[in-house]
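Residue numbers (the working numbering), protein chains in the order written: chain A, 3 to 191; chain B, 3 to 191.
C-beta: ideal position from N, C-alpha, C; glycine also.
Computed from a predicted model, the values in this text were never measured in an experiment.
Number of protein chains: 2
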Amino acid sequence: MRQPVELAHASRLINHGPTVLVSSAFGGRSNLMAAAWSMPVEFTPPRVAVVIDKSTFTRELVAASGCFAINIPGRALADLSFTVGSVSGREVDKFQRYAVPHFAGPVLGLPLVEGCVAWMECRLIPEPHTQDAYDTCFAEVVSAQADARVFAGGKWFFTDDNTELHTLHHLGRGHFAWPARSVQARLLP
Amino acid sequence: MRQPVELAHASRLINHGPTVLVSSAFGGRSNLMAAAWSMPVEFTPPRVAVVIDKSTFTRELVAASGCFAINIPGRALADLSFTVGSVSGREVDKFQRYAVPHFAGPVLGLPLVEGCVAWMECRLIPEPHTQDAYDTCFAEVVSAQADARVFAGGKWFFTDDNTELHTLHHLGRGHFAWPARSVQARLLP
């Protein structure tokens, strides 16, 4: 059910603040970490910011490769998301240890996590100061895909029929809320 | 039910990606805008990043005053959140026009929106390049408060008994998801 998402709609994938999994690869090694701190910063060109702590192995791989991918896990991947956010990839290959199925991203060939509900490949925009001072990595989205059962036409459709595909929103210590309900707001007169 | 939140817990208030209302004031004028794009960037000192477009009146007030506040609306304020995100404050005083009740922030005296479920006052950290290139404003949180019916001891408690206080997560065009359900993840072996 994986479908391309127009790059003009990429910001919608993380507009509502889901926890994401950052995947990266360089020189035969790869890694996967959880990141609760990400946001879009621009619609066109589609740009995002993600906080990747400078102590992480992911940060090393991103610095070396100049790219990373954002995978958006659904509720079915809550345990995996918590786990890869709690273990460092420096000593252990998390893809292997947790038998994470993955496929190659269409533009950069980055490892994307099978079973997630959306994916973006991103090229790092080098900003040494903000990377250093705030661990904030700006990047341009160069490919976007989503599971059409839950995101189509630039919109998320969270219903009672697809709760396993609802995104995860980290409240702390492995406790994730998910967007089980929604409301259509109206403009005040 | 407003209670102080330890600054060490401030990041938790937006860790799960809610839409926020940014309030600002300078020289007798004030404003309120919605921002879907914000995130924590550091626990200690507590720092956040918020995207505030350079075309907005809020951005002018923030540049002049060097500060802004983050108000986190609950579901009961969905219409107000959508509305203040759709109207510019340059020509109209949104606090007045929409009769938004507010109170003064404890450290900076910024107007905070009554009826929200959490509040943070923030001092802008001047970063001309990222403000210009990415409309991204870094800031340090200098006060934090929350409605104890939904956030206490550094944790959100979203239950069926307080759904009006659940945070809003913008899916687009005034459609907001809210965290009606949650799951406690387990570490994989």
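Check, Outcome
"Other residues of its chain near A/Asp53: CB distance less than 6 Å, five sequence neighbours each side excluded", "Here residue 53 of chain A turns out to be Val, not Asp, going by the sequence shown. So the list reads Trp39, Asp137, Thr138, once near-sequence residues are dropped."
"Interface partners of A/Glu44 on chain B, CB under 9 Å", "Val53, Tyr136, Asp137"
"Length of the line joining the Cα atoms of A/Asp81 and A/Gly87", "10 Å"
"Below-7 Å beta-carbon distance, B/Trp121 vs any chain A residue", "no"
"Beta carbon proximity, A/Leu189 to chain B, threshold 7 Å", "yes"
"Residue environment, B/Met122, which counts as buried when at least 16 other CB atoms sit within 10 Å", "buried"
"Sequence-distant residues of the same chain with beta carbon closer than 8 Å to B/Val43, five excluded per side", "Arg49, Val50, Ala51, Phe140"
"Cβ of A/Leu114 within 7 Å of any chain B Cβ", "no"
"8 Å contact criterion, which A/Val119 and A/Thr169 should meet: CB distance rounded", "7 Å"
"Beta-carbon proximity of B/Ala36 to A/Ser184, cut-off 7 Å", "no"
"C-alpha distance - A/Val109 paired with A/Val144, whole-angstrom precision", "7 Å"
"Within chain B, partners of A/Asp81 - CB distance below 7 Å", "Ala187, Arg188, Leu190"
"A/Thr161: contacting residues in chain B (beta-carbon distance under 7 Å)", "By Cβ distance, chain B contributes nothing, its closest Cβ being about 11 Å from A/Thr161, past 7 Å."
"C-beta neighbour in chain A for B/Ala222, strict 7 Å", "This structure cannot speak to residue 222 of chain B, because chain B is shown only from 3 to 191."
"B/Phe84, enclosing alpha helix (DSSP H) - first and last residue", "80-86"
"Residues of its chain near B/Arg77, where Cβ-Cβ distance is below 6 Å and the 5 sequence neighbours each way are ignored", "Glu166, His168, Trp180"
"Contact residues within the segment 71-95 of chain A, judged by C-beta distance below 7 Å to chain B", "Arg77, Ala80, Asp81, Leu82, Ser83, Phe84, Thr85, Ser88"
"C-beta contact flag for A/Leu126 and A/Cys69 at 7 Å", "yes"
"Burial state of A/His131 (16 or more Cβ within 10 Å)", "exposed"
"CB contact check: B/Arg183 to chain A, cutoff 7 Å", "yes"
"B/Leu9 to B/Ala146 span [Cα, whole Å]", "6 Å"
"Short Cβ contact (7 Å threshold) for A/Pro150 with A/Val7", "What sits at residue 150 of chain A in the sequence shown is Ala, not Pro. No, the pair does not count as a contact, with Cβ atoms beyond the cut-off."
"Cα-Cα separation between B/Val115 and A/Asp134, rounded to whole angstroms", "34 Å"
"Collapsed DSSP secondary structure at A/Asp149 in the structure displayed", "strand"
"A/Val43, DSSP secondary structure in three states", "strand"
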